[in-house]
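Chains A and B supply the protein sequences, listed in that same order.
Numbering (the numbering used here) for the first sequence: 1 to 148.
Numbering (the numbering used here) for the second sequence: 1001 to 1258.
Ideal Cβ placement from N, Cα and C applies to all residues, glycine included.
Please read all numbers here as calculations on a predicted model, not as lab measurements.
First up is the structure itself, then whatever we jot down about it.
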Amino acid sequence: MQEIIQLTAAVVGSIGFGIVFHMRPKKLKWAALGGFLSWASYLVLVHAGLNEYLCGFIAAALTTAYAEIMARSTKTPAIIYVVVSTVPLIPGAALYRSMNALLRQDMTVARAQGLYALIFATSMAAGIVLTTLFERMAVQRSAAENKS
Amino acid sequence: MTREEAEKIVYIAISIGEELLASSAEVSRVEDTVTRILQAYGATRADVFSITSSLEVTAHFGDFNTVTQTRRIRSINTDMAMLEALNGLSRMICSAEPRMTPEEALVRFKKIREETKAAAESRSASLQMLGYAVVSGSFTVFFGGDMADCIAGAVIGVILKLIESALGKVMTNRLLIAFIWSFAGGLLAHFFVAFGLGHHSDLISIGNIMLFIPGIAFTNSIRDLFYGDTITGLIRFCESVILAITIAVGFTAAGLIM
């Protein structure tokens, strides 16, 4: 049940970000699907027992693949879809808890949560970069083939 | 090609690049777009260098006919509709046959800029506020808040946006602005809970943090580092980490004095 509530919230949150970032209203449904995909894939991976950072990495990579496909088919820069879709993965809660613990001088929690936020955000970014690097290679290859 | 024509071409290319940067496009995309436009207009060589706050372009049109222009980018606002529209324009410039004249391209560029900005402003009043409410409320629930927390988060999200834009008119230091409104956000969350609207002030604050956290800037910074745009990557990385910490400290500092 908790998962269903979270998924719904992720979908609605992604739509909200689409609005905040001036996405065209017609494309908001794709933002919703992206938010769903990123959080659903993360949940599935976590339940499969994988390391959390690895889950973030793979979920971000998959979501970016979705974003690249949507970018192609709707002729929109991929970053738009990447941003609104990966929002649920951003470790905002860990950051808050880390700073909260820091101000209460609870250094153990502050360090643990802060490191978690930093490493998780970096894993996500690495996942996004991985997919975009592959996409770039594919584009360059097809451009080279068209020339020859 | 005459000197004047060359200057016009560089002008239109750098204008599009500047607007792309100001709408938070990746540096590599900006450099790529500007280079393509210059090549489409017959530049034999294009040296484009950009960091988040500056864009410089030197185009060569045969020997001895080189033009250099630079732009300083002062503020960055995420505007996806602008990115999309400019992306479309640059594609059109690069593919249209016969080639669009620089004058025509400039007219179209100005039209896109005005229309997109006007559209963003007309929407910003009501729809933007709805967006902020939706994001804050749904992420409060996402992290485990109940219905009352959701409503409190949504209301505070809207109030914070209003405070942020009001502060932006009287102050220029981004970090100070961020600290003030996030501190206000933390106070509001505690007030709302004290008056019975909402039960978890921490979850309400986290929902609001998700709204304002520089997630795009951070992700872009890592990507820039991977692509080899090291300077840009480091600038953005430091900026986004410092901003994120400032916001989180602002929200939590409110809890200390309550």
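Give, in chain order, every unbroken run of the alpha helix (DSSP H) that is at least 4 residues long and sits entirely within the segment 1074–1130 of chain B.
Qualifying alpha helix (DSSP H) stretches, in chain order: 1080–1095 and 1102–1123.
So if I threshold CB-CB distances at 7 angstroms, which residues from the segment 22–38 of chain A count as touching chain B?
If the cut-off is 7 angstroms between Cβ atoms, the segment 22–38 of chain A has HIS22, MET23 and ARG24 near chain B.
Look at the Cβ atom of GLU1121 of chain B, then the Cβ atom of MET1082 of chain B, and state whether they are nearer than 8 angstroms.
Going by C-beta atoms, GLU1121 of chain B is not nearer than 8 angstroms to MET1082 of chain B.
Flag this pair as yes or no: are the beta carbons of ALA61 of chain A and PHE36 of chain A separated by less than 8 angstroms?
Not in contact: ALA61 of chain A and PHE36 of chain A (Cβ atoms no closer than 8 angstroms).
Quick check for students: name the residue ranges of the alpha helix (DSSP H) that lie wholly in the segment 1020–1044 of chain B, counting only runs of 4 or more.
Whole alpha helix (DSSP H) segments, 4+ residues: 1027–1040.
For PHE1061 of chain B, count neighbouring C-beta atoms within 10 Å of its own C-beta (all shown protein chains included) and say buried if the count is 16 or more, exposed if not.
The residue in question, PHE1061 of chain B, is buried, as its Cβ has 16 or more Cβ neighbours within 10 Å.
Rounded C-beta distance between SER1201 of chain B and ALA1189 of chain B? I'm assuming under 8 angstroms.
With a Cβ gap of about 4 angstroms, SER1201 of chain B and ALA1189 of chain B count as contacting.
With a cut-off of 8 angstroms, does the C-beta of ASP1149 of chain B fall near any C-beta of chain D?
The structure shown contains no chain D; its protein chains are A and B.
Kindly list, in the order they appear in chain B, the residues whose Cβ is closer than 8 angstroms to that of LYS96 of chain A.
Per the sequence shown, residue 96 of chain A should be read as Tyr rather than Lys. Ordered by position in chain B, the residues that pass the 8 angstroms Cβ test against TYR96 of chain A are ASP1202, SER1205, ILE1206, ILE1209, ALA1248, PHE1251 and THR1252.
Comparing the C-beta of GLY92 of chain A with each C-beta of chain B, is any distance below 8 angstroms?
Chain B, which has a Cβ nearer than 8 angstroms to the Cβ of GLY92 of chain A, makes this yes.
Could you round the C-beta distance between VAL999 of chain B and THR1068 of chain B to whole angstroms and report it? I think they count as a contact, below 8 angstroms.
With chain B covering 1001 to 1258 only, the question about residue 999 of chain B has no answer from this structure.
Run through chain B and tell me which residues come within less than 8 angstroms of GLY13 of chain A, C-beta to C-beta.
Chain B residues near GLY13 of chain A: VAL1134, VAL1135, SER1138, PHE1139, PHE1142 and MET1210.
With a threshold of 8 angstroms between beta-carbons, can LEU1259 of chain B be considered close to chain A, or not?
Nothing can be reported for residue 1259 of chain B: it is not among the residues displayed for chain B, which extend from 1001 to 1258.
Hey, LEU1127 of chain B and ILE1112 of chain B: beta-carbon distance below 8 angstroms or not?
Cβ distance not < 8 angstroms, so LEU1127 of chain B and ILE1112 of chain B don't count as in contact.
For TYR42 of chain A, collect the residues of the same chain with a Cβ closer than 8 angstroms to its Cβ; drop the 5 residues on either side in sequence, then sort them by chain order.
The residues are CYS55, GLY56, ALA59, PRO88 and LEU89.
Under three-state DSSP, which class holds PHE1143 of chain B?
Correct three-state label for PHE1143 of chain B: coil.
Can you say whether VAL1030 of chain B is buried or exposed, counting buried as having 16 or more other CB atoms within 10 angstroms of its CB?
Classification of VAL1030 of chain B: buried, given that the 10 Å Cβ count is 16 or more.
Does GLU1097 of chain B pass the burial test, meaning 16 or more other C-beta atoms within 10 Å, or should it be called exposed?
With fewer than 16 Cβ atoms within 10 Å of its Cβ, GLU1097 of chain B is classed as exposed.
Just the chain B side, please: which residues come within less than 7 angstroms of THR108 of chain A by C-beta, in chain order?
Those within 7 angstroms of THR108 of chain A in chain B number zero; the least Cβ separation is about 17 angstroms.
If you follow the alpha helix (DSSP H) that GLN2 of chain A is in, where does it begin and where does it stop?
That run of the alpha helix (DSSP H) goes 2–20.
Quick check: what's the CA-CA separation for LEU1130 of chain B versus ILE19 of chain A?
If I take the Cα positions, the gap works out to 8 angstroms.
Taking only beta-carbon atoms, is ALA125 of chain A less than 8 angstroms away from chain B?
Taking Cβ atoms only, chain B reaches closer than 8 angstroms to ALA125 of chain A, which makes this a yes.
Please work out which residues of its chain come closer than 8 angstroms, Cβ to Cβ, to ARG1036 of chain B, disregarding the five sequence neighbours upstream and downstream, and give them in chain order.
SER1090 and CYS1094.
Return the chain-ordered list of same chain residues with a C-beta closer than 6 angstroms to the C-beta of LEU1187 of chain B, the five sequence neighbours on each side being excluded.
Excluding residues within five positions, the ones whose Cβ falls inside 6 angstroms are ALA1254.
In chain B, which residues lie with their C-beta within 7 angstroms of the C-beta of GLN113 of chain A?
Simply none; closest approach about 10 angstroms.
What in chain A is Cβ-close to GLN1069 of chain B, meaning under 8 angstroms?
Correct list: empty, because the minimum Cβ distance to chain A is about 24 angstroms.
Looking at the unbroken beta strand (DSSP E) that takes in LEU1055 of chain B, where does it start and where does it end?
Taken as a continuous stretch (DSSP letters only), the beta strand (DSSP E) holding LEU1055 of chain B covers 1054–1060.
Note down, in chain order, every chain B residue with its Cβ under 7 angstroms from the Cβ of GLN6 of chain A.
Those are PHE1142, listed as they occur along chain B.
Using the rule of at least 16 other Cβ atoms within 10 Å of the residue's Cβ for burial, across every protein chain shown, is PHE1139 of chain B buried or exposed?
Buried, because 16 or more other Cβ atoms sit within 10 Å of the Cβ of PHE1139 of chain B.
Residues of chain A with CB closer than 8 angstroms to the CB of ARG1223 of chain B, please, in chain order.
The contacting residues are ALA125, ILE128, VAL129 and THR132.
Mind pulling the chain A residues with CB within less than 8 angstroms of PHE1218 of chain B?
Neighbours of PHE1218 of chain B on chain A, chain order: ALA121 and ALA125.
Under 8 angstroms by Cβ, that's how I've got GLY1142 of chain B and ILE1016 of chain B pegged, so tell me the actual separation to the nearest angstrom.
Position check: residue 1142 of chain B holds Phe in this sequence, whereas Gly was assumed. Contact doesn't hold; Cβ gap of about 37 angstroms is too wide.
Starting from the Cα of GLN1039 of chain B, find the closest Cα among B:ILE1051, B:LEU1021, B:ARG1174 and B:ARG1099 and give me that residue.
The option with the nearest alpha carbon to GLN1039 of chain B is B:ARG1099.
Can you check which of these residues, B:ILE1163, B:PHE1192, B:LYS1169 and B:VAL1048, is closest to TRP1181 of chain B by C-alpha distance?
Comparing Cα positions, the closest option is B:ILE1163.
Decide if ARG97 of chain A is buried, meaning its Cβ has at least 16 other Cβ atoms within 10 Å, or exposed.
It counts as buried.
Name the chain A residues whose beta carbon is nearer than 7 angstroms to that of ASP1079 of chain B?
Under the 7 angstroms cutoff, chain A gives HIS22.
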